[in-house]
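Numbering (the working numbering), first residue to last: 21 to 439.
Just so it is clear, CB atoms sit at the ideal spot from N, CA and C, and this is done for glycine as well.
Since the structure is predicted, the reported quantities are computational estimates derived from the model, not experimental observations.
The structure under discussion appears below in the form of structure tokens.
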């Protein structure tokens with residue numbers, strides 16, 4: 021993988037996190053789940069998209085089902101600073117998040133399934149001539165989780181599930197000289213770092229479901245940490261041969277690597293149908309962001325230049341300060357008729373990392389609503405929308421104060437077909 025893709029992948033991953041969830045987590049796994057703010061996702065199992073949260077839920081299916089999901093995330097994130105020239109608007113571009121799930125019961129005890137979705141990914145984009153371009157720039161990352169699973173019904177109450185994950189990630193990162201460019205003979209848009217690359221990692225997941233009766237159940241699931249090894253190319257000041265005397269010139273493209281740890285996720289959920297018409301659900305999700313660590317892209321041809329901060333063998337290094345975080349969600353469903361189900365939900369998403377220009381992380385409040393339309397016994401559609409309100413946060417980076425603020429709007433649609 022090219023190192024410019026590598027460092028970029030990590031930085032990009034962390035960048036647009038304010039749009040979605042804590043850190044750079046992607047939660048848009050289903051439209052049905054979005055309608056209730058993803059409350060109860062490890063316990064409900066109302067469609068095949070439940071595979072993204074708990075494999076044990078496959079045991080509740082008596083027919084094969086396919087779910088296809090598309091979500092559109094439209095953020096509105098602005099960054100301001102008392103320093104002239106450092107304001108930036110709409111730093112997080114809109115994104116589309118697809119997903120697909122299939123569940124196949126084999127008999128009354130065993131079911132198998134495949135989930136294809138993303139747990140992590142994001143992006144931010146600042147103007148090419150942004151004065152703080154060396155710490156902002158553009159960042160993009162995409163990860164895809166190919167996740168086959170199997171479930172086993174132990175008895176009428178208890179079901180267990182397990183799966184393995186192949187995670188593929190691709191990323192790109194660009195940084196410009198900004199206000200210091202002229203001092204090195206360049207300009208604000210001169211390249212400081214350009215990285216791109218891809219790689220993969222492996223993980224596993226477990227789940228359990230306990231059904232007290234038809235109307236009350238609880239679930240628990242765990243996704244392991246995934247170490248993703250990225251390889252790619254890097255071109256920037258760390259790879260300059262300094263023939264011209266400036267690190268902005270004579271940059272060469274070199275190979276590099278970057279290892280990133282995607283955090284583990286624990287989720288506990290419950291679902292309770294209180295009347296024939298109304299049900300409530302809840303979830304607690306815990307993500308071990310402390311596993312993430314610093315971003316360090318390495319290459320044998322990097323860092324061998326006489327410039328401040330140069331470290332032999334290091335193409336790019338970015339210190340991160342991440343702590344484990346929780347997400348709390350509660351939702352409600354109203355069964356208006358046999359064909360229509362209405363949903364609403366609220367969630368509080370804790371900040372995971374110290375905010376930076378590339379990762380403007382903060383606390384978020386989710387306000388969601390959704391509906392399911394059952395067109396026939398085999399075919400149903402889900403639609404949902406959400407307002408993710410980010411808390412305004414002030415932070416300091418490179419001794420410069422910044423304030424980040426903004427919200428995101430999410431729209432999701434889903435089709436479910438039973439065979």
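CB of residue i within 7 angstroms of CB of residue j, strictly
i: residue 409; j: residue 322; result: no
i: residue 114; j: residue 94; result: yes
i: residue 66; j: residue 47; result: no
i: residue 91; j: residue 149; result: no
i: residue 154; j: residue 205; result: no
i: residue 122; j: residue 86; result: yes
i: residue 303; j: residue 359; result: no
i: residue 57; j: residue 367; result: yes
i: residue 308; j: residue 284; result: yes
i: residue 167; j: residue 183; result: yes
i: residue 172; j: residue 237; result: no
i: residue 5; j: residue 97; result: Nothing can be reported for residue 5: it is not among the residues displayed for the chain, which extend from 21 to 439.
DSSP three-state assignment for residue i, whether helix, strand or coil
i: residue 75; result: helix
i: residue 273; result: coil
i: residue 250; result: strand
i: residue 441; result: Look at the range of the chain in this structure, 21 to 439, and you will see that residue 441 is not part of it.
i: residue 179; result: strand
i: residue 433; result: strand
i: residue 311; result: helix
i: residue 92; result: strand
i: residue 336; result: strand
i: residue 355; result: strand
i: residue 146; result: coil
i: residue 399; result: strand
i: residue 408; result: strand
i: residue 201; result: helix
i: residue 264; result: coil
i: residue 389; result: strand
i: residue 421; result: strand
i: residue 367; result: strand
i: residue 112; result: coil
i: residue 69; result: helix
i: residue 42; result: Note on residue 42: pLDDT 45, under 50, position unreliable in the model; the coordinate value appears next. Three-state result, residue 42: coil.
i: residue 320; result: coil
i: residue 101; result: coil
i: residue 375; result: coil
Span separating the alpha-carbon of residue i from that of residue j
i: residue 339; j: residue 374; result: 10 angstroms
i: residue 276; j: residue 174; result: 48 angstroms
i: residue 203; j: residue 265; result: 12 angstroms
i: residue 80; j: residue 403; result: 23 angstroms
i: residue 431; j: residue 268; result: 43 angstroms
i: residue 362; j: residue 386; result: 17 angstroms
i: residue 200; j: residue 406; result: 41 angstroms
i: residue 256; j: residue 193; result: 11 angstroms
i: residue 422; j: residue 341; result: 17 angstroms
i: residue 137; j: residue 271; result: 37 angstroms
i: residue 24; j: residue 158; result: Unreliable positioning characterises residue 24 in this predicted model, as indicated by a pLDDT of 38, which lies under 50. A coordinate reading is not provided.
i: residue 99; j: residue 412; result: 10 angstroms
i: residue 139; j: residue 300; result: 25 angstroms
i: residue 190; j: residue 344; result: 25 angstroms
i: residue 221; j: residue 420; result: 36 angstroms
i: residue 437; j: residue 71; result: 15 angstroms
i: residue 426; j: residue 401; result: 30 angstroms
With 16 other Cβ atoms within 10 Å as the buried cut-off, status of residue i
i: residue 177; result: exposed
i: residue 232; result: exposed
i: residue 103; result: exposed
i: residue 234; result: exposed
i: residue 213; result: buried
i: residue 315; result: buried
i: residue 43; result: Annotation note: pLDDT 44 at residue 43 (below 50); position unreliable, coordinate value reported separately. Under this definition residue 43 is a buried residue.
i: residue 393; result: exposed
i: residue 227; result: buried
i: residue 352; result: buried
i: residue 218; result: buried
i: residue 296; result: exposed
i: residue 398; result: exposed
i: residue 328; result: exposed
i: residue 312; result: buried
The beta strand (DSSP E) enclosing residue i, as first and last residue numbers
i: residue 227; result: 211-233
i: residue 133; result: 130-137
i: residue 54; result: Premise fails: residue 54 lies in the alpha helix (DSSP H), 51-55, not in any beta strand (DSSP E).
i: residue 126; result: No beta strand (DSSP E) contains residue 126, which DSSP labels as neither H nor E.
i: residue 379; result: That residue, residue 379, is in no beta strand (DSSP E); it is neither H nor E in DSSP.
i: residue 165; result: 158-173
i: residue 285; result: 285-293
i: residue 238; result: 236-243
Chain C within 7 angstroms of residue i, Cβ atoms only
i: residue 105; result: Reference to chain C is not applicable here, since this structure consists of a single protein chain.
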